[in-house]
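Have a look at the structure below, then the notes.
In the working numbering, the protein residues as written are 3 to 292.
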């Protein structure tokens with residue numbers, strides 16, 4: 003058992019401890035309580051030997067009281083620390099729960115991302131199919147345009163087929179424009195568009211008028227106009243034309259030829275005059291006068 007002197011020296015060392023050494027202070031407090039208890043027992047049963055030098059170092063009541071207060075403060079600090087540790091554990095548990103929630107949310111988001119990636123992959127495949135379909139439709143559209151072009155070209159020949167029927171209905175003109183006697187519309191176009199044949203058709207109609215003293219029919223008028231239109235397609239600028247003198251216009255020997263009548267003014271136009279692309283009269287209009 004330590005002497006009082008040793009206890010005093012030990013307590014003086016305790017006073018020098020750092021306030022943060024809480025664990026050591028707690029253990030020290032427990033040890034001191036045991037020592038104080040034993041010391042008090044010995045003081046009650048054994049006589050104390052008085053030593054003048056030792057008594058000068060005895061622990062005073064105030065010193066013991068102060069030490070007990072400090073031990074009590076240390077215990078309170080320890081209790082406070084325990085409460086704080088409990089709070090921190092509670093907070094840590096809540097954080098762990100929140101962390102688990104976040105992890106669960108993250109996993110769900112990963113699943114959503116995986117699902118979206120699958121959808122994107124599916125859309126990419128659909129887009130590729132659409133691209134292939136568009137390419138196929140584009141090819142089909144080109145084919146249709148070609149067929150449509152052929153149809154439009156054939157449809158544009160509709161008037162030429164009507165022209166063919168009109169020529170075939172007029173044997174004398176057919177001998178000029180369809181020399182082979184067939185129904186080849188392309189050959190008809192090629193022959194009718196030549197200036198020389200335009201003149202031949204006009205001359206044939208003029209001979210007919212002089213013999214019959216009658217104006218040309220609507221069909222004959224359409225035949226010569228169509229032939230002239232085909233010829234004009236071969237020109238780049240100026241056009242050949244048919245010109246009808248006005249009713250009552252003064253008769254002009256240079257541009258008119260009379261088949262009947264004795265007057266000086268035009269009464270009826272039987273066949274229009276023909277002018278070339280230079281504007282020159284190459285065939286005088288056939289008229290009657292009064």
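Glycine included, C-beta positions come from ideal geometry on N, C-alpha and C.
Residue 241 sits in coil when the DSSP states are folded into three classes, being neither helix nor strand.
By the C-beta criterion, the segment 252 to 264 is judged not to be in contact with the segment 171 to 191, since fewer than 3 inter-stretch pairs fall below 8 Å. Residue 187 and residue 158 have their C-alpha atoms spaced approximately 12 Å apart. Residue state for residue 279 is assigned as coil, using DSSP reduced to three classes. The shortest C-alpha to C-alpha distance from residue 265 to any of 290, 126, 100 and 127 is the one to 290. For residue 273, the secondary structure class from DSSP, reduced to helix, strand or coil, is strand. Residue 259 has 288 as its beta-bridge partners, per DSSP.
Closest in C-alpha terms to residue 275, from the list 260, 262, 263 and 246, comes 246. For residue 225, the enclosing alpha helix (DSSP H) covers residues 220 to 234.
By the criterion of at least three beta-carbon pairs nearer than 8 Å, the segment 217 to 232 is in contact with the segment 188 to 200.
Taking the Cα positions, residue 269 is about 58 Å away from residue 145. Where residue 161 is concerned, the enclosing alpha helix (DSSP H) starts and stops at 160 to 170. One Cα belongs to residue 259, the other to residue 288, and the distance between them is close to 5 Å.
Within the same chain, Cβ atoms closer than 8 Å to the Cβ of residue 211 are found at 217, 218, 261, 272, 273 and 288, the five residues on either side in sequence being excluded. For residue 252, DSSP records a beta bridge to 267. Membership of residue 199 in the alpha helix (DSSP H) is indicated by the continuous run 197 to 214.
About 5 Å separates the CB atoms of residue 165 and residue 228; that is less than 8 Å, so the two are in contact. Looking only at 241, 263 and 267, the smallest Cα-Cα distance to residue 248 is reached by 267. A straight-line Cα-Cα distance of about 26 Å links residue 286 and residue 180. In the three-state reduction of the DSSP assignment, residue 247 falls in the coil class. Residue 104 counts as exposed, since fewer than 16 other C-beta atoms from the protein chains shown sit within 10 angstroms of its C-beta. CA-CA distance, residue 116 to residue 84, rounds to 47 Å. For residue 129, the secondary structure class from DSSP, reduced to helix, strand or coil, is helix.
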